[in-house]
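*Asks:* Numbering (the working numbering), first residue to last: 582 to 851. Beta carbons: idealized from backbone N, C-alpha and C, even for Gly. So that we are looking at the same thing, I have put the structure below in structure tokens.
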Ligand SMILES: NC(=O)c1ccc[n+]([C@@H]2O[C@H](COP(=O)([O-])OP(=O)(O)OC[C@H]3O[C@@H](n4cnc5c(N)ncnc54)[C@H](O)[C@@H]3O)[C@@H](O)[C@H]2O)c1
């Protein structure tokens, strides 16, 4: 094995990706499979299972891939998906919490409390707490070391993005919990890190970034004017950071870190 293969190969990793029908999750699935990991894709809705199986099978050799359903807001479904994954591929040692996303945008005084509650639950409970509690319970109970969690934070974790109140609150909590959990689980050999993507076009934010005619929205223009690279990210640009943080050799002493992948958005100034 070459030096780089030793450092970055993920052949000993079994990666569970939640929210696997999403844009970012799909890109990460491709990366992990190509890096040699076994990958379990947990999708929100049953009808998404077959298309994902078909899409990713060409990248998977030797039974590397398993697709199952899990609403990660539901602890019972997480438990079932974990058991099914373990039966199919073995004990997972990487959890990628990719379920999440925003819904709507409004002035604070017009806040829709039901929507606030849904977005908070999606990004905080389904997007981190429920699956992470399950995985860390099992890893600690079974004394498995060398496991890691990769959360998905956001620019809203660092600076509130206008009008997306619940999303900001949940993503700030993702950053906070990434640090807290790193401290909690460091002694038992579980690393907890996060990616903070800048602006990548996905189902959840397309309507905020583009008008119906395909032109940039005012918000889309505003974002690009504050992004030193002057463009949205391409999803593949998150792959290297995810592989790096998931490698127990390359990133074996890194925990509690939230790594921005943002074209310089957080470096913008006047
Ligand atoms: N796209 C971006 O620019 C961007 C930027 C920063 C952070 N993020 C974050 O990255 C993650 C993925 O975003 P994306 O752009 O790929 O969004 P996406 O909408 O394409 O994917 C999100 C996925 O989560 C799934 N999901 C929703 N509720 C779920 C539940 N209860 N249980 C399981 N799955 C559920 C959806 O079905 C969808 O497949 C999110 O946490 C998002 O906040 C995205």
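Closest to residue 602 by CA distance: which of 650, 596, 586 and 645 is it?
*Replies:* Locating residue 602 in the chain shown gives position 21, counting from the first residue. The option with the nearest alpha carbon to residue 602 is 650.
*Asks:* Cutting at 7 angstroms between CB atoms, please list the residues of its own chain near residue 608, excluding the five before and the five after it.
*Replies:* The residue given as residue 608 occupies position 27 in the chain shown. Closer than 7 angstroms at Cβ, skipping near neighbours: 816, 817, 819 and 820.
*Asks:* Quick check: the Cα distance between residue 698 and residue 750, rounded to an integer number of angstroms?
*Replies:* Translated into positions along the chain shown, residue 698 becomes position 117. Translated into positions along the chain shown, residue 750 becomes position 169. Each residue's Cα considered, the two are about 11 angstroms apart.
*Asks:* Going by the beta-carbon positions, is the gap between residue 708 and residue 736 smaller than 8 angstroms?
*Replies:* In the chain shown, counting from the first residue as 1, residue 708 sits at position 127. In the chain shown, counting from the first residue as 1, residue 736 sits at position 155. Contact flag unset, no.
*Asks:* Taking 7 angstroms as the cut-off, is the CB of residue 809 close to at least one heavy atom of ligand 1?
*Replies:* Start at 1 with the first residue of the chain shown, and residue 809 comes out as number 228. Answer for residue 809: no, Cβ out of range of ligand 1.
*Asks:* Measure how close the beta-carbons of residue 599 and residue 678 come, nearest whole angstrom, since I'm counting them as under 8 angstroms.
*Replies:* Taking the first residue of the chain shown as position 1, residue 599 is located at position 18. Taking the first residue of the chain shown as position 1, residue 678 is located at position 97. About 6 angstroms; that satisfies the 8 angstroms criterion.
*Asks:* From the DSSP output, in three-state form, read off residue 595 for me.
*Replies:* Indexing the chain shown from 1 puts residue 595 at position 14. Residue 595: strand per DSSP, three-state reduction.
*Asks:* Beta-carbon within less than 6 angstroms of residue 680's beta-carbon, same chain only, minus the 5 sequence neighbours each way: which residues are those?
*Replies:* Stepping through the chain shown from its first residue, residue 680 is reached at position 99. Around residue 680: 599, 600, 653, 707 and 708.
*Asks:* State the CB to CB distance for the pair residue 621 and residue 597, rounded to an integer number of angstroms; the pair is presumed to be in contact (CB under 8 angstroms).
*Replies:* Counting from one through the chain shown, the residue named residue 621 turns up at place 40. Counting from one through the chain shown, the residue named residue 597 turns up at place 16. So it is a contact: roughly 5 angstroms between Cβ atoms.
*Asks:* Residues bridged to residue 743 by DSSP?
*Replies:* By 1-based counting over the chain shown, the position of residue 743 is 162. None; residue 743 has no bridge partner.
*Asks:* What is the rounded straight-line gap between the Cα of residue 837 and the Cα of residue 730?
*Replies:* What you label residue 837 is simply residue 256 of the chain shown in a count that begins at 1. What you label residue 730 is simply residue 149 of the chain shown in a count that begins at 1. Each residue's Cα considered, the two are about 10 angstroms apart.
*Asks:* Ends of the alpha helix (DSSP H) at residue 666?
*Replies:* Working through the chain shown from its first residue, we reach residue 666 at position 85. Segment 656 to 670, the alpha helix (DSSP H) holding residue 666.
*Asks:* Assuming residue 640 and residue 614 make a contact with CB atoms under 8 angstroms, what is their CB distance in whole Å?
*Replies:* Along the chain shown, read from residue 1 onward, the residue named residue 640 stands at position 59. Along the chain shown, read from residue 1 onward, the residue named residue 614 stands at position 33. Indeed, because the Cβ distance is near 4 angstroms, the residues count as touching under 8 angstroms.
*Asks:* Could you give the uninterrupted runs of the alpha helix (DSSP H) lying entirely in the segment 597 to 627, keeping only those of 4 residues or more?
*Replies:* Listed in chain order, they are 604 to 615.
*Asks:* I'd like to confirm something about residue 679: is its beta-carbon nearer than 7 angstroms to some heavy atom of ligand 1, or not?
*Replies:* In the chain shown, counting from the first residue as 1, residue 679 sits at position 98. Residue 679: yes, Cβ under 7 angstroms from ligand 1.
*Asks:* Helix, strand or coil for residue 647? Go by DSSP, reduced to three states.
*Replies:* Here residue 647 refers to the residue found at position 66 when the chain shown is read from its first residue. Note: residue 647 maps to strand in three-state DSSP.
*Asks:* Which residues mark the beginning and the end of the alpha helix (DSSP H) in which residue 718 is found?
*Replies:* Translated into the one-based positions of the chain shown, residue 718 becomes position 137. Looking at the DSSP string, the run of the alpha helix (DSSP H) that includes residue 718 is 711 to 722.
*Asks:* Would a C-beta distance cut-off of 8 angstroms place residue 725 and residue 674 closer than the cut-off?
*Replies:* The sequence position of residue 725 within the chain shown is 144, counting from 1. The sequence position of residue 674 within the chain shown is 93, counting from 1. Their beta carbons are under 8 angstroms apart, which means residue 725 touches residue 674 by this criterion.
*Asks:* Just the Cα atoms here: how many angstroms apart are residue 809 and residue 644?
*Replies:* As a working note, residue 809 is residue 228 in the chain shown. As a working note, residue 644 is residue 63 in the chain shown. C-alpha separation (whole angstroms): 42 angstroms.
*Asks:* Between residue 600 and ligand 1, is there a pair consisting of the residue's CB and a ligand heavy atom that are separated by less than 7 angstroms?
*Replies:* If you number the chain shown from 1, residue 600 lands on position 19. Yes.
*Asks:* Let me check understanding here. Comparing Cα to Cα, which of 636, 660 and 648 lies closest to residue 627?
*Replies:* Position 46 of the chain shown, counted from the start, is the residue given in the question as residue 627. Checking every option, the nearest Cα to that of residue 627 belongs to 648.
*Asks:* Compare the Cα-Cα distances from residue 832 to each of 703, 671, 720 and 775 and report the closest residue.
*Replies:* Here residue 832 corresponds to residue number 251 of the chain shown, with the count starting at 1. Out of 703, 671, 720 and 775, 775 has the C-alpha closest to the C-alpha of residue 832.
*Asks:* Do you know how far the Cα of residue 796 is from the Cα of residue 715?
*Replies:* Residue numbering aside, residue 715 sits at position 134 when the chain shown is read from its first letter. Residue numbering aside, residue 796 sits at position 215 when the chain shown is read from its first letter. Taking the straight line joining both Cα atoms gives about 43 angstroms.
*Asks:* What's the C-alpha gap between residue 668 and residue 761?
*Replies:* Counting from one through the chain shown, the residue named residue 668 turns up at place 87. Counting from one through the chain shown, the residue named residue 761 turns up at place 180. When rounded, the distance between both Cα atoms is 31 angstroms.
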